[in-house]
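For reference, the structure is listed below as structure tokens.
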Amino acid sequence: MAIPKEGKSKDGKAMHFSVGALIENGGKYLLIDRVKPPFGFAGVAGHIDEGESAEEALVREVKEESGLDVENFELLFEEEASFNTCRRGIDVHYWYLFRCVVEGKIKQNIEETKSIGWYTLEEMKKLELEPVWKYYFEKMGLI
Ligand SMILES: [Zn+2]
């Protein structure tokens, strides 16, 4: 299903649509340290482009931000969230959070990330996580 570029939240605010990728391997989670706001350590994520489905955006964003290929995925949550304002000035995002299995080799995107790497949950607790990712990791009971 293609997603519109912009929608309206339940309380009538302009809203974007976003995907996030929870990528875990052997007890470690793939996190990037974002170059652009919102800052912090985060999972791979991004806006759904006009005419794209959430699944298409997921595969594209994972490739762009990590160099990895999504082999399969499962939708964990979808919901409105208003944790931060994006670069395009919108406060509310409708998130699709997927758990992904990936393959390939990590290729850092230096325009988007200061670093990319695998972190245990213990290591993650010491990092400054981007608010939406802190929320999701807490919601899943991981941190
Ligand atoms: Zn946005």
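Per my numbering, the very first residue in the sequence shown carries number 197; after that it's consecutive. Backbone N, C-alpha and C fix where the C-beta goes; we use that ideal spot for every residue, glycine too.
Continuous alpha helix (DSSP H) stretch holding residue i: start and end
i, result
"ALA198", "Where ALA198 is concerned, there is no enclosing alpha helix (DSSP H), given that its DSSP letter is neither H nor E."
"LYS335", "327-335"
Near ligand 1: residue i beta-carbon under 8 Å from a heavy atom
i, result
"ARG256", "no"
"ILE286", "yes"
"ARG283", "yes"
"SER214", "yes"
With 16 other Cβ atoms within 10 Å as the buried cut-off, status of residue i
i, result
"VAL231", "exposed"
"GLY222", "exposed"
"GLU170", "Absent from the model: residue 170. The displayed extent of the chain is 197 to 339, so no value can be given."
"THR309", "buried"
"ILE228", "buried"
"GLY285", "exposed"
"ILE302", "exposed"
"LEU338", "exposed"
Opening and closing residue of the beta strand (DSSP E) in which residue i lies
i, result
"GLU299", "288-299"
"GLU319", "GLU319 -> not in any beta strand (DSSP E); alpha helix (DSSP H) instead, spanning 317-321."
"GLY186", "The chain is shown only over 197 to 339; residue 186 falls outside these bounds and no answer can be derived."
Cβ distance (whole Å) where residue i is taken to contact residue j below 8 Å
i, j, result
"TYR290", "MET197", "13 Å between Cβ atoms; not a contact."
"LEU323", "TYR331", "14 Å between Cβ atoms; not a contact."
"ILE244", "VAL215", "6 Å"
"VAL298", "SER205", "Their Cβ separation, rounded to whole angstroms, is 31 Å, which puts VAL298 and SER205 out of contact at 8 Å."
"VAL328", "PHE279", "5 Å"
heavy atom of ligand 3 below 8 Å from residue i C-beta
i, result
"GLU326", "Absence of ligand 3 is noted for the structure shown, with ligand 1 being the only ligands found."
Query raised in the report: Which ranges would you report for the alpha helix (DSSP H) in the region 231-269 if only whole runs of at least 4 residues count?
Result: Given a length threshold of 4 residues, each whole run of the alpha helix (DSSP H) inside the region 231-269 is given here in chain order: 250-262.
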